[in-house]
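2 protein chains.
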Amino acid sequence: MGMMKRILVDMDGVLADVYHRFFELHESETGSVLTFDDIIGLKEGEAFPGLARWVDTPGFFRTIPVMAGSQRVLKLLNEKFDIVVVSMATEFPASLTDKQLWLNDNFPFITWRQIVFCGNKNIIQADIMIDDHLKNLDNFKGETIMFIQPHNMNLKNTPHRRADSWEEIEKLLLS
Amino acid sequence: MGMMKRILVDMDGVLADVYHRFFELHESETGSVLTFDDIIGLKEGEAFPGLARWVDTPGFFRTIPVMAGSQRVLKLLNEKFDIVVVSMATEFPASLTDKQLWLNDNFPFITWRQIVFCGNKNIIQADIMIDDHLKNLDNFKGETIMFIQPHNMNLKNTPHRRADSWEEIEKLLLS
Chain Z
1 MGMMKRILVD MDGVLADVYH RFFELHESET GSVLTFDDII GLKEGEAFPG LARWVDTPGF
61 FRTIPVMAGS QRVLKLLNEK FDIVVVSMAT EFPASLTDKQ LWLNDNFPFI TWRQIVFCGN
121 KNIIQADIMI DDHLKNLDNF KGETIMFIQP HNMNLKNTPH RRADSWEEIE KLLLS
Chain A
176 MGMMKRILVD MDGVLADVYH RFFELHESET GSVLTFDDII GLKEGEAFPG LARWVDTPGF
236 FRTIPVMAGS QRVLKLLNEK FDIVVVSMAT EFPASLTDKQ LWLNDNFPFI TWRQIVFCGN
296 KNIIQADIMI DDHLKNLDNF KGETIMFIQP HNMNLKNTPH RRADSWEEIE KLLLS
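Line by line, the protein sequences are chains Z and A.
For what it's worth, our numbering labels the leading residue of the first sequence as 1, then goes sequentially.
For what it's worth, our numbering labels the leading residue of the second sequence as 176, then goes sequentially.
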């Protein structure tokens with residue numbers, strides 16, 4: 001493991017398809033259907049007024065859909081890199097147990113030793129970061145890959161490589 | 176914060192007086208009373224056969240007594256150092272939410288940004304580590320302080336400074 005490059009892999013918006021659930025909840029609570037075009041460039045909390053309440057509800061993170069392709073590609077990456085899944089989760093105590101159980105269910109090849117829940121990703125030593133939020137990417141000292149989600153889709157002048165899908169991450173890191 | 180030295184502060188056996196609860200549970204389950212003398216030098220799991228079951232029970236970490244002096248001294252340290260509370264907790268999913276709520280209750284001056292739950296403390300960058308377990312202390316690159324608990328009391332030939340109490344930590348770091 002000592003010679004492997006360490007990759008920090010974010011959960012929400014990277015492994016966990018939170019937007020999928022946000023759209024569903026918004027529709028069920030308001031009766032109005034939002035599309036990607038409606039919310040491109042908006043922060044998550046601007047796009048979905050219910051968000052702060054949803055993410056603080058026990059059970060919310062237990063059943064989020066898995067991001068397409070993430071299980072297959074992360075399993076491949078796990079053979080060549082020192083993978084650490086890192087989530088900013090300590091703001092929401094109820095989310096912690098839900099997130100760990102979700103990872104155990106959906107990414108059983110990621111052991112408990114490879115998981116971090118924290119309030120500041122910049123204290124973790126690593127070589128590569130895969131994340132959707134500039135607050136994490138901009139302060140990271142290694143290589144950065146910005147996973148594209150509606151809130152960051154319009155950000156063009158960043159130093160971060162972009163990946164629209166896990167297939168693109170596979171091309172960037174495994175080809 | 177950039178100029179402050181970062182201290183990693185362990186929870187179990189340092190902030191949380193887990194032995195206090197271990198003695199209580201052992202007595203209530205077996206009817207026999209253990210004393211410190213009975214278990215000095217034994218690993219926690221050797222001293223308390225019920226331990227593996229106890230720590231995996233939801234609620235166990237929610238009501239652990241606070242280590243004597245830890246609230247007062249950690250509050251003082253929090254003004255002079257970049258404090259990060261770090262617990263190896265991802266092995267036990269149910270413990271995560273309990274531990275976060277326990278910290279919020281008992282150490283309200285520690286914000287969610289200063290908390291890490293992980294499976295490997297050696298990926299976190301810091302200057303000083305306060306911990307009771309050699310598995311964490313021996314691999315840490317900075318200054319180490321071994322908080323004395325029954326399982327490590329007899330370990331004499333370690334490179335780590337020893338602290339028998341939070342008053343001693345206060346002397347080591349604040350005088």
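For glycine and all other residues, C-beta sits at the position ideal for the given N, C-alpha and C.
Note that this is a predicted model, so its numbers are computed, not measured.
Asked, Found
"I'd like the span of the alpha helix (DSSP H) that includes F22/Z, first residue to last.", "V18 to T30"
"Return the first residue and the last residue of the alpha helix (DSSP H) that E170/Z is part of.", "W166 to L174"
"If the cut is a Cβ gap below 7 Å, which residues of chain Z does N295/A touch?", "R113"
"Is there a Cβ from chain A that is less than 8 Å from the Cβ of I83/Z?", "no"
"Going along the chain, which residues of its own chain have a beta-carbon closer than 8 Å to the beta-carbon of A338/A, five neighbours each way excluded?", "I305, I320, M321, F322, I323, I344 and L347"
"From N297/A to F315/A, what distance separates their C-alpha atoms?", "6 Å"
"Grab the span of the alpha helix (DSSP H) containing D302/A for me, first residue to last.", "It is not in any alpha helix (DSSP H) - D302/A carries neither H nor E in the DSSP assignment."
"Would you please verify whether the beta carbon of I123/Z is less than 8 Å from any beta carbon of chain A?", "yes"
"Using the beta-carbon of each residue, which ones in chain B are nearer than 7 Å to A269/A?", "Checking the listed chains, one finds no chain B in this structure; the protein chains it contains are Z and A."
"Let me know if M4/Z comes out buried or exposed under the rule of 16 or more other beta-carbons within 10 Å of its beta-carbon.", "exposed"
"So what does F322/A bridge to, in DSSP terms?", "A338/A"
"Does DSSP put I258/A in a helix, in a strand, or in coil?", "strand"
"With a CB to CB cut of under 6 Å and the five nearest residues on each side skipped, what residues in its chain are close to G220/A?", "L226"
"Excluding the 5 residues flanking S270/A on each side, which residues of the same chain have their C-beta closer than 6 Å to its C-beta?", "F236 and A264"
"I'd like to know if V66/Z contacts chain A, where contact means its C-beta is closer than 8 Å to some C-beta of that chain.", "no"
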